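Asker: Sharing a structure below in structure tokens format, with a few things to ask.
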Amino acid sequence: MNKKDFDRIYAKVLTPTQKQVLELFIQGLTDQEIVNSIGANDRTLAIKHIKNICEKFQINNPGNWKDSLVELFIKYQPELVHPKLLEKYGYSSNPDLPQGSEPLKSPYYIKRDDCESVCYQQIQKPGAMIRIKAPNKMGKTSLIKRIIEQAKNENYYVVELNLSQIDRYQLTDTYTLLRGFYAYFRSEFPAAPSLDEWDKDLPSKIHCTRLFQNLLRKLEQNLVLVLDEVDILFEYPEIYRDFFPMLRYWHERGKESETWEKLRLVISHSTQYYGQLDINESPFGNVGLVIQLEEFSPEQVKILALRHLVTEEDTISIMKMVGGHPYLVRLAFYHLYYRHLTVKQLIEEAPNDGGIYRQHLMEISKILQPNRELLSVFKQIINQQVVDLATKTIEIYKLEGMGLIKQGGNGVKVRCKLYQLYFRDRLYV
Numbered sequence: 000m001n002k003k004d005f006d007r008i009y010a011k012v013l014t015p016t017q018k019q020v021l022e023l024f025i026q027g028l029t030d031q032e033i034v035n036s037i038g039a040n041d042r043t044l045a046i047k048h049i050k051n052i053c054e055k056f057q058i059n060n061p062g063n064w065k066d067s068l069v070e071l072f073i074k075y076q077p078e079l080v081h082p083k084l085l086e087k088y089g090y091s092s093n094p095d096l097p098q099g100s101e102p103l104k105s106p107y108y109i110k111r112d113d114c115e116s117v118c119y120q121q122i123q124k125p126g127a128m129i130r131i132k133a134p135n136k137m138g139k140t141s142l143i144k145r146i147i148e149q150a151k152n153e154n155y156y157v158v159e160l161n162l163s164q165i166d167r168y169q170l171t172d173t174y175t176l177l178r179g180f181y182a183y184f185r186s187e188f189p190a191a192p193s194l195d196e197w198d199k200d201l202p203s204k205i206h207c208t209r210l211f212q213n214l215l216r217k218l219e220q221n222l223v224l225v226l227d228e229v230d231i232l233f234e235y236p237e238i239y240r241d242f243f244p245m246l247r248y249w250h251e252r253g254k255e256s257e258t259w260e261k262l263r264l265v266i267s268h269s270t271q272y273y274g275q276l277d278i279n280e281s282p283f284g285n286v287g288l289v290i291q292l293e294e295f296s297p298e299q300v301k302i303l304a305l306r307h308l309v310t311e312e313d314t315i316s317i318m319k320m321v322g323g324h325p326y327l328v329r330l331a332f333y334h335l336y337y338r339h340l341t342v343k344q345l346i347e348e349a350p351n352d353g354g355i356y357r358q359h360l361m362e363i364s365k366i367l368q369p370n371r372e373l374l375s376v377f378k379q380i381i382n383q384q385v386v387d388l389a390t391k392t393i394e395i396y397k398l399e400g401m402g403l404i405k406q407g408g409n410g411v412k413v414r415c416k417l418y419q420l421y422f423r424d425r426l427y428v
């Protein structure tokens, strides 16, 4: 049913009594409370009225008609539905400012069915490696939380390390990094061999590998090692050129060794900072299962809008500005829910330095400005000029990694209207 038919039935087809019963129903009243309110005694009268209302709204699923009626009103007139009923159906009435990852039970986490199911299946495979990549604020860590939960449900050991917690002084050379990395791991998993067993005469990669191998031999269950924000190492090519091949080696050993097949690697990194780096391909090479997080689909955005009580009309307006970018959409819905501003104000102010996206846009600008060649190519794309893709592969790779452009059958274009409008007059080459 579309919005036009819904409005027509609600305004013109329902009888006054049916409308009264309906409004009491979506306020969460029981059948008995409803009949009491309309001056009747038999509670079956309320059931009869609600069934007739469902028929007029073309709801024909006998076993689930009450739920379908509530969902229909949440979709088209959520302001009429009682907050308690909204919470019952998973639509929280008090959204938080979007910051960091979404908790496991958050009603604002939008399932990515395809990639989630693939990850859950992959984590059960011997020696698996999953690599999750996307620009900032696309949902990488939220997905990791759910992979971890799945691994725990399988009774696997899980150790999660965020490499941004490693001190800068430990990034001076491979030896210092690997020793610090292993110490960090052991602090989270005390059953691992002690650092006292570290042999300074052995190459550091070999010794780190040996300590993990000794641990895996003792374990009766699989070990899921989660490494988040490994992009911190991208600034140190002499280090990551040692560290990442070591992880690849562990993964390859899992294909042939009963010991190493117990290790499952989940690695997450942001592609946001490609523009700052001397990089033209993935530091990992073509290894493991790669999960590239994309924008939400229109249907996923609509689900998120429902959970913030945002109308379909306003949702379409937001999508025209920011597409399906998870953070940008969620931030807009948060402000609309609390009525900090109207959708008209939000759209008008969005591409300006005073809009709700100012911090996000300034962070991107900070990465772009020092790189004149990157700026030049991005400006050509913004101005819809022809770009020679064959000679600009590195710049296209970086801009796409930053989430600023997308490629299609007709070449490349700016990812969303927000970026088009904001950067149009702010790129100085």
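Take the sequence shown: its position 43, counting from 1, is numbered 42 in numbering that gives the first Met the number 0, and each next residue is one higher.
In this text, a Cβ means the ideal position worked out from N, Cα and C, and glycines have one as well.
Please read these numbers as outputs of a predicted model, since none were measured by experiment.
Just to confirm before moving on: does the CB-CB distance between R425 and S375 stay below 8 Å?
Answerer: In the sequence shown, residue 425 corresponds to position 426, counting from 1. In the sequence shown, residue 375 corresponds to position 376, counting from 1. Cβ distance not < 8 Å, so R425 and S375 don't count as in contact.
Asker: In the DSSP output, what is N40 paired with across the bridge?
Answerer: Start at 1 with the first residue of the sequence shown, and residue 40 comes out as number 41. N40 is not bridged to any residue.
Asker: Does the structure place the segment 259 to 272 close enough to the segment 187 to 200 that three or more beta carbon pairs sit under 8 Å?
Answerer: Segments in contact, no.
Asker: Among L96, L68 and K55, which has the Cα closest to the Cα of Y326?
Answerer: Mapped onto the sequence shown, residue 326 falls at position 327. Among L96, L68 and K55, the Cα nearest to that of Y326 belongs to L96.
Asker: Under the three-state reduction of DSSP, which class applies to D172: helix, strand or coil?
Answerer: Position 173 of the sequence shown, counted from the first residue, corresponds to residue 172. Coil at D172, not helix or strand.
Asker: For G274 and Y396, I'd like the C-alpha separation in whole angstroms.
Answerer: Stepping through the sequence shown from its first residue, residue 274 is reached at position 275. Stepping through the sequence shown from its first residue, residue 396 is reached at position 397. Roughly 9 Å between the two C-alpha positions.
Asker: By Cβ distance, which residues of its chain are closer than 7 Å to V328, with the 5 residues on each side in sequence left out?
Answerer: Looking up residue 328 in the sequence shown gives position 329. Cβ neighbours of V328 beyond the five flanking positions: F295, V300, L303, I317 and V321.
Asker: Taking the beta strand (DSSP E) that G410 belongs to, which residues open and close that run?
Answerer: Indexing the sequence shown from 1 puts residue 410 at position 411. Looking at the DSSP string, the run of the beta strand (DSSP E) that includes G410 is G410 to V413.
Asker: Could you check which residue in T208, V157 and R209 has the C-alpha nearest to that of E187?
Answerer: One-based indexing of the sequence shown puts residue 187 at position 188. Looking at the Cα atoms, V157 is the closest of the given residues.
Asker: How long is the line joining the alpha carbons of Q57 and K50, rounded to whole angstroms?
Answerer: For this step, residue 57 is matched to residue 58 along the sequence shown. For this step, residue 50 is matched to residue 51 along the sequence shown. So the two alpha carbons sit approximately 10 Å from each other.
Asker: Taking 8 Å as the cut-off, does the segment 146 to 157 touch the segment 221 to 231 (at least 3 CB pairs, one atom from each stretch)?
Answerer: With the cut-off at 8 Å, the segment 221 to 231 and the segment 146 to 157 touch.
Asker: Can at least three beta-carbon pairs, one atom from the segment 92 to 112 and one from the segment 333 to 349, be found at a separation below 8 Å?
Answerer: yes
Asker: Taking E255 as the reference, which of Q31, P125 and A349 has the closest Cα?
Answerer: Taking the first residue of the sequence shown as 1, we reach residue 255 at position 256. Minimum Cα distance to E255 is reached at P125.
Asker: Of all the options I231, F377, R240 and Q406, which has the alpha carbon lying nearest to the alpha carbon of Q419?
Answerer: The residue labelled residue 419 in the question sits at position 420 within the sequence shown. Ranking I231, F377, R240 and Q406 by Cα distance to Q419 puts F377 first.
Asker: Let me confirm a value: L79 is counted as buried when at least 16 other C-beta atoms fall within 10 Å, else exposed. Which label applies?
Answerer: Along the sequence shown, read from residue 1 onward, the residue named residue 79 stands at position 80. L79 is exposed by the Cβ-count criterion.
Asker: Just list the residues that DSSP pairs M128 with in beta bridges.
Answerer: Residue 128 sits at position 129 when you count from the first residue of the sequence shown. According to DSSP, M128 bridges with L264.
Asker: Could you say which of I52, Y75, Q26 and K87 lies nearest to K3 if we only look at CA atoms?
Answerer: Taking the sequence shown and counting its residues from 1, the one referred to as residue 3 is at position 4. Closest by alpha carbon: Y75.
Asker: Determine the contact status of G287 and H250, defining contact as a CB-CB distance below 8 Å.
Answerer: As a first step, residue 287 must be located in the sequence shown, where it is residue number 288. As a first step, residue 250 must be located in the sequence shown, where it is residue number 251. Yes; because the gap between Cβ atoms is below 8 Å, this pair is in contact.
Asker: How long is the line joining the alpha carbons of K132 and E399, rounded to whole angstroms?
Answerer: Mapped onto the sequence shown, residue 132 falls at position 133. Mapped onto the sequence shown, residue 399 falls at position 400. Just so you know, the alpha carbons of K132 and E399 end up roughly 12 Å apart.
Asker: Give me the Cα-Cα distance between I143 and I33, rounded to the nearest whole angstrom.
Answerer: Position 144 of the sequence shown holds residue 143. Position 34 of the sequence shown holds residue 33. I143 and I33: Cα-Cα distance of roughly 45 Å.
Asker: Is G99 buried or exposed, if buried means 16 or more other CB atoms sit within 10 Å of its CB?
Answerer: Taking the first residue of the sequence shown as position 1, residue 99 is located at position 100. By the neighbour-count rule (16 or more Cβ atoms within 10 Å), G99 is not buried but exposed.
Asker: By the 10 Å Cβ neighbour count, where 16 or more other Cβ atoms means buried, how is A349 classified, buried or exposed?
Answerer: Residue 349 sits at position 350 when you count from the first residue of the sequence shown. Classification of A349: buried, given that the 10 Å Cβ count is 16 or more.
Asker: Under DSSP, the beta strand (DSSP E) around E159 begins and ends at which residues?
Answerer: In the sequence shown, residue 159 corresponds to position 160, counting from 1. Per DSSP, E159 belongs to the beta strand (DSSP E) from Y156 to N161.
Asker: Compute the distance between the beta-carbons of E153 and Q123, then report whether it is under 8 Å.
Answerer: Here residue 153 refers to the residue found at position 154 of the sequence shown. Here residue 123 refers to the residue found at position 124 of the sequence shown. Contact flag set, yes.
Asker: By how many angstroms is the C-alpha of D166 removed from the C-alpha of M245?
Answerer: For this step, residue 245 is matched to residue 246 along the sequence shown. For this step, residue 166 is matched to residue 167 along the sequence shown. Whole-angstrom Cα-Cα distance: 20 Å.
Asker: On the criterion of 16 or more Cβ atoms from any shown chain inside 10 Å, does V20 qualify as buried, or is it exposed?
Answerer: Working through the sequence shown from its first residue, we reach residue 20 at position 21. Label assigned to V20: buried.
Asker: In the structure shown, what three-state DSSP assignment does A331 receive?
Answerer: Against the sequence shown, residue 331 aligns to sequence position 332. Reduced to three states, the DSSP call for A331 is helix.
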